[in-house]
Ligand SMILES: Nc1nc2c(ncn2[C@@H]2O[C@H](COP(=O)(O)OP(=O)(O)OP(=O)(O)O)[C@@H](O)[C@H]2O)c(=O)[nH]1
Ligand SMILES: [Mg+2]
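Residue numbers (the UniProt record's numbering), protein chains in the order written: chain A, 1 to 227; chain B, 1 to 610.
In structure tokens, the structure reads:
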């Protein structure tokens, strides 16, 4: 526990800078869902390293971490950046299961990605345990305003109707990206962190399989590949 | 052997004379060579007593094992006419000359592609060309229906191939086209040009396949003056290659099989069958969207990396002490259900360790390793963090997924990659923990900087002046029985520095390989005098060897050189090969638990449920 955030190789060392008083570090599982090419990996890279890099379509799922310091707690985000390609849809439940935060990402310049985000929402809601997941609708690529196919009203409307949070971001310019992560951190801590056993504490050696509270067989769904 | 007739571009007569420079060393020639050798040790030559023959088992040979069957070659040599029974093939037989040394000119006609399609053998190509013309009006309809994923328009480099005008001459002139279609004739993949634009071309291909099928036959290949068209049907998928590369049909079919396996590695055979059982005209591109790059990358590798031709893995040369250290590091960082730990540097294998009980009797096939290496090399996605993805090793089990943990150990350079394969989809955290242990140990032992120094070797190290390049693939011998099939080969250096020259040398090797592995008349030893180099290919019960010499080398010199080379390889083999791929056991009592262990592998990872 304690104050030191040990430097985890490939992990969050860059964030382990100056922390002077002992605070608890809690683990937050966050998953990014959405069509291929909407910018999930770009967002994840911003969250984790505040970098912008050209990305390839994700294979399976990429795992990254990011540490956010709130006033009285430190949250260690374990980001599961899923692949949007259809061939991976059947395995995605493996990644979003037990997530404390789910980001439904769409591309404001592509209407069909907004529709796909709603399908993901339906999928999530099937598993939804009220109060256990903060769901955030994210309209990315807001720098492409001139090609906009999804209005802010559309996004807001959907969010209000389904009780989601909503933000428009640009992973390209970095606009609203840090704000989004911070807002998620606050929400997650408020909604889940305060509950008994809502968030587990992070140790340097994470307990193996700590996340597998639900035990349905995702391979059952893995089989319904296809039309 | 149609290959040979291709070489004399203009000649169209049925009895094309073989390029005269080809020397198939018959027994007596070899004996002469041997007498020249004097007391040199050349055990395999003596033991075989003459040139012997290696028969191929099946068309899948490139991916399976070679079982050497030694036979006399005497009758084969005298049999001049070789006929193949391909459907719809323009028959070209050839004569084989035994002794002659007129240099042939293989290069001159490589470049110019004759567009005259009057020859009857061109009928398919003509049909295809017509098909293309017919669809000019269709244009390229966007892929993006709301139902379709929008993932296909990512990389600009990869767009350029997709965007190609399929009616242009430049499209037709590609050296090797590969098409994948469904049994219903739906386009799934095309190496060049978009599948939409080619949909009627593929329709024609499928019509061809079905037409032959309706006669209770299977279409295997079509030959024309300039192109070889090879068909491969695997389950509901039909793969077609149209090549002007002069490769043998078997080689091309082997390449198609790699393409098929790469698709399987992403989707599994079971799910593909299930999908098409459900819906015959399903558009598989939905599931392959975004993976075209992986298939493109595979086909580029197949053309440029002899690993595929030889069906063997090339590891990075490494001091055996360092390789052992790395293997031990991997072996110490294990967790239940972790079955393979693979370390890769510069897209080459450093070491593999494997759980003993899972694969006691199954070895990791080179093709599965090739597919993994291609997947990692073809995408920068693995530089993005720690990857956890389902992946199928088609030769290990075409219907099951492993879960692969993939992470580079040296960001941001990203040259050293760790791949951990588990049978447990839930094992991410446990496997990621293994990576941290490996990382720590490698830091402690300074392994990364040692790996960074490792590099391929120069042929000059062998110390044989006329030797320019070689490929050496040992077969199963007692101490590497049931291990990964490997080969070793030096860097391609001058005069094979440019891409064109590299490709030319590879083409010569492919040609030699096709002769060695010919189904109709396999050879054991070939001495081939080409215009700019002399090649010698030799297969014994212990190894397969391809060597390239400067053009003026004499036969005797070449044989002496090979003796030296074999000695050198023997001396260096600990460095050139992964010698004793270590196996470990995560279970205390392997003999008892192996069954218990294997069952969850099949049931957990199995996909037999609906
Ligand atoms: N203009 C603009 N482009 C962006 C933005 N975010 C990402 N991109 C670009 O969109 C493309 C796809 O981004 P990725 O982050 O790889 O998309 P993804 O959602 O991870 O895609 P998959 O991994 O296939 O599911 C890349 O070329 C990015 O550079 C953005 O905010 N604005
Ligand atoms: Mg991504």
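No residue lacks a Cβ here, since even glycine has one placed at the ideal position from N, Cα and C.
If you reduce the DSSP assignment to three classes, tell me which class residue 501 of chain B lands in.
Here residue 501 of chain B is taken as the residue at index 501 of the second chain, counted from 1. It is helical.
Is residue 488 of chain B buried or exposed, if buried means 16 or more other CB atoms sit within 10 Å of its CB?
Here residue 488 of chain B is taken as the residue at index 488 of the second chain, counted from 1. Here residue 488 of chain B is buried. Its C-beta has 16 or more other C-beta atoms within 10 Å.
Assigned secondary structure, residue 202 of chain A (DSSP; H/G/I helix, E/B strand, else coil):
In the first chain, the residue the question calls residue 202 of chain A occupies position 202. In the structure shown, residue 202 of chain A sits in coil (DSSP, three-state: anything other than H, G, I, E or B).
Residue 519 of chain B versus B:250, B:179, B:243, residue with shortest Cα-Cα distance:
Position 519 of the second chain, counted from the first residue, corresponds to residue 519 of chain B. Comparing alpha-carbon positions, the option among B:250, B:179, B:243 lying closest to residue 519 of chain B turns out to be B:250.
Use the C-beta contact count for residue 278 of chain B: other C-beta atoms within 10 angstroms, 16 or more gives buried, fewer gives exposed.
Taking the second chain and counting its residues from 1, one reaches residue 278 of chain B at position 278. With fewer than 16 other Cβ atoms within 10 Å, it is exposed.
Pick helix, strand or coil for residue 261 of chain B, following the three-state DSSP scheme.
Taking the first residue of the second chain as position 1, residue 261 of chain B is located at position 261. Correct three-state label for residue 261 of chain B: helix.
Within 10 Å of its beta-carbon, does residue 224 of chain A have 16 or more other beta-carbons around it, so buried, or fewer, so exposed?
Looking up residue 224 of chain A in the first chain gives position 224. Low confidence applies here, because residue 224 of chain A scores a pLDDT of 29, under 50, leaving its location unreliable; read the following figure in that light. By the 10 Å Cβ count, residue 224 of chain A comes out exposed.
Label residue 548 of chain B either buried or exposed according to how many other C-beta atoms from any shown protein chain fall within 10 Å of its C-beta, with 16 as the threshold for buried.
Against the second chain, residue 548 of chain B aligns to sequence position 548. The residue is buried, with at least 16 neighbouring Cβ atoms inside 10 Å.
How about the region 337 to 350 of chain B and the region 410 to 423 of chain B: do they share at least three Cβ pairs that are nearer than 8 Å?
These segments touch.
Quick one: list the residues of chain B neighbouring residue 230 of chain A, beta-carbon separation under 7 Å, in chain order.
Residue 230 of chain A falls outside the range modelled here, since chain A spans only 1 to 227, and no answer is possible.
Heavy atom of ligand 1 less than 6 Å from the Cβ of residue 236 of chain B, yes or no?
The residue you call residue 236 of chain B lines up with position 236 of the second chain. Relative to ligand 1, even the nearest heavy atom lies 6 Å or more away from the CB of residue 236 of chain B.
Can you tell me where the alpha helix (DSSP H) with residue 559 of chain B in it begins and where it stops?
If you number the second chain from 1, residue 559 of chain B lands on position 559. Bounds of the alpha helix (DSSP H) holding residue 559 of chain B are 555 to 576.
Would residue 449 of chain B be called buried (16 or more neighbouring beta carbons within 10 Å of its own) or exposed?
Residue 449 of chain B sits at position 449 when you count from the first residue of the second chain. Note on residue 449 of chain B: under 16 other CB atoms within 10 angstroms of its CB, so exposed under the neighbour-count rule.
Compile a chain-ordered list of the residues in the region 52 to 78 of chain A whose CB is closer than 9 Å to at least one CB of chain B.
Of all residues in the region 52 to 78 of chain A, 53, 54, 55, 56, 57, 58, 59, 60, 61, 62, 63, 64, 65 have a Cβ within less than 9 Å of some Cβ in chain B.
Using the Cα positions of residue 561 of chain B and residue 550 of chain B, report the straight-line distance between them to the nearest angstrom.
Within the second chain, residue 561 of chain B is the residue found at index 561, counting from 1. Within the second chain, residue 550 of chain B is the residue found at index 550, counting from 1. Pairing residue 561 of chain B with residue 550 of chain B, the inter-Cα distance amounts to about 12 Å.
If we define contact as Cβ-Cβ less than 7 Å, is residue 87 of chain A a contact residue for chain B?
Within the first chain, the letter at position 87 stands for residue 87 of chain A. For residue 87 of chain A, the answer is yes, since a Cβ of chain B falls inside 7 Å of its Cβ.
Nearest to residue 100 of chain A by alpha carbon, out of A:176, A:182, A:27, A:174?
Here residue 100 of chain A is taken as the residue at index 100 of the first chain, counted from 1. The option with the nearest alpha carbon to residue 100 of chain A is A:27.
Range covered by the alpha helix (DSSP H) that runs through residue 325 of chain B:
Translated into the one-based positions of the second chain, residue 325 of chain B becomes position 325. Run containing residue 325 of chain B: 320 to 332, per the alpha helix (DSSP H) assignment.
Buried or exposed for residue 546 of chain B, going by 16 or more other Cβ atoms inside 10 Å?
Position 546 of the second chain, counting from 1, holds the residue named residue 546 of chain B. Classified as buried, residue 546 of chain B has 16 or more neighbouring CB atoms from the shown chains inside 10 Å of its CB.
Is residue 139 of chain A close to ligand 1? I mean its beta-carbon at under 6 Å from any heavy atom of the ligand.
If you number the first chain from 1, residue 139 of chain A lands on position 139. It does not: the Cβ of residue 139 of chain A is nowhere closer than 6 Å to a heavy atom of ligand 1.
What did DSSP end up calling residue 282 of chain B once you bin it into helix, strand or coil?
Here residue 282 of chain B is taken as the residue at index 282 of the second chain, counted from 1. It is coil, neither helix nor strand.
Beta carbon of residue 73 of chain A, beta carbon of residue 134 of chain A: below 7 Å?
Here residue 73 of chain A refers to the residue found at position 73 when the first chain is read from its first residue. Here residue 134 of chain A refers to the residue found at position 134 when the first chain is read from its first residue. No, the pair does not count as a contact, with Cβ atoms beyond the cut-off.
In chain order, what residues of the same chain have a beta carbon less than 6 Å from the beta carbon of residue 462 of chain B, not counting five sequence neighbours either side?
Looking up residue 462 of chain B in the second chain gives position 462. Result list for residue 462 of chain B: 565, 568, in chain order.
Inter-residue Cα distance where the pair is residue 107 of chain B and residue 439 of chain B:
Indexing the second chain from 1 puts residue 107 of chain B at position 107. Indexing the second chain from 1 puts residue 439 of chain B at position 439. With a pLDDT of only 31 at residue 107 of chain B, under the threshold of 50, the placement of this residue in the model should not be trusted; the figure read from the coordinates follows. Answer to the nearest angstrom: the Cα atoms are 50 Å apart.
Alpha carbon of residue 308 of chain B to alpha carbon of residue 152 of chain A, nearest angstrom:
The count along the second chain starts at 1 and reaches residue 308 of chain B at position 308. The count along the first chain starts at 1 and reaches residue 152 of chain A at position 152. Cα-Cα distance, rounded: 52 Å.
Looking at C-alpha atoms only, which residue of B:534, B:575, B:407, B:214 is the closest neighbour of residue 504 of chain B?
Counting from 1 along the second chain, the entry for residue 504 of chain B is found at position 504. It is B:534.
Does any heavy atom of ligand 1 sit closer than 6 Å to the C-beta of residue 390 of chain B?
Position 390 of the second chain holds residue 390 of chain B. In this structure, residue 390 of chain B has its CB at a distance of at least 6 Å from all heavy atoms of ligand 1.
State yes or no: is the beta carbon of residue 568 of chain B nearer than 7 Å to at least one beta carbon in chain A?
Sequence index remark: in the second chain, residue 568 of chain B carries index 568 (1-based). Taking Cβ atoms only, chain A never reaches closer than 7 Å to residue 568 of chain B, which makes this a no.
What ranges does the alpha helix (DSSP H) occupy inside the region 423 to 478 of chain B, keeping only unbroken runs of at least 4 residues that lie completely in it?
Here the runs fully enclosed are 428 to 444, 447 to 453.
Could you give the uninterrupted runs of the alpha helix (DSSP H) lying entirely in the region 135 to 178 of chain A, keeping only those of 4 residues or more?
Runs of the alpha helix (DSSP H) inside the region 135 to 178 of chain A: 152 to 162.
Measure how close the beta-carbons of residue 31 of chain A and residue 106 of chain A come, nearest whole angstrom, since I'm counting them as under 8 Å.
Looking up residue 31 of chain A in the first chain gives position 31. Looking up residue 106 of chain A in the first chain gives position 106. Not confirmed; about 15 Å, so no contact.
Determine whether the Cβ of residue 28 of chain A lies closer than 7 Å to any Cβ atom of chain B.
Here residue 28 of chain A refers to the residue found at position 28 when the first chain is read from its first residue. Output row for residue 28 of chain A: interface = no.
Give the C-beta separation of residue 422 of chain B and residue 300 of chain B to the nearest angstrom, bearing in mind that I take them to be a contact with Cβ-Cβ under 8 Å.
Position 422 of the second chain, counted from the first residue, corresponds to residue 422 of chain B. Position 300 of the second chain, counted from the first residue, corresponds to residue 300 of chain B. Contact flag wrong, Cβ pair sits at about 30 Å.
Buried versus exposed call for residue 552 of chain B [16 or more other C-beta atoms within 10 Å across all chains shown]
Counted from its first residue, the second chain places residue 552 of chain B at position 552. Classification for residue 552 of chain B: exposed.
Can you list the residues of chain A that residue 386 of chain B reaches, using a CB-CB cut of under 8 Å?
For this step, residue 386 of chain B is matched to residue 386 along the second chain. 10, 62, 63, 64, listed in chain order.
Own chain residues within Cβ distance below 8 Å of residue 159 of chain A, not counting five before or after
Here residue 159 of chain A corresponds to residue number 159 of the first chain, with the count starting at 1. Contacts found: 137, 165, 166.
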